[in-house]
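In my numbering, the protein residues as written are 28 to 100.
Okay, so here's the structure we're looking at.
See below:
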């Protein structure tokens with residue numbers, strides 16, 4: 028059981044290097060966190076759920092096509 032938990036934790040830590048949370052993404056785009064959640068619900072951006080705490084996370088690679096103020100980032 029301990030090895031399985033350690034393996035899961037290792038995978039989560041590796042995954043976290045390529046993901047960003049709602050609050051951090053909102054700061055990056057200078058919008059309210061609810062705006063990020065609205066974009067996610069509308070399908071503008073895809074979210075993933077953290078396997079341990081169920082937080083929304085966004086893959087950095089998925090964010091390349093988001094338009095902010097008419098400019099692609």
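All C-beta atoms in this analysis are idealised placements derived from N, C-alpha and C, irrespective of residue type, glycine included.
Remember, it's a predicted structure, so these values are computed and weren't measured experimentally.
- Here residue 65 carries a helix assignment [DSSP, helix/strand/coil].
- Counting other Cβ atoms within 10 Å of its Cβ, residue 72 reaches 16 or more and is therefore classed as buried.
- Per the DSSP secondary-structure output, residue 86 pairs in a beta bridge with 46.
- Residue environment for residue 87: exposed (fewer than 16 other C-beta atoms within 10 angstroms of its C-beta).
- About 14 Å separates the beta carbons of residue 69 and residue 85, which is beyond the 8 Å limit, so they are not a contact pair.
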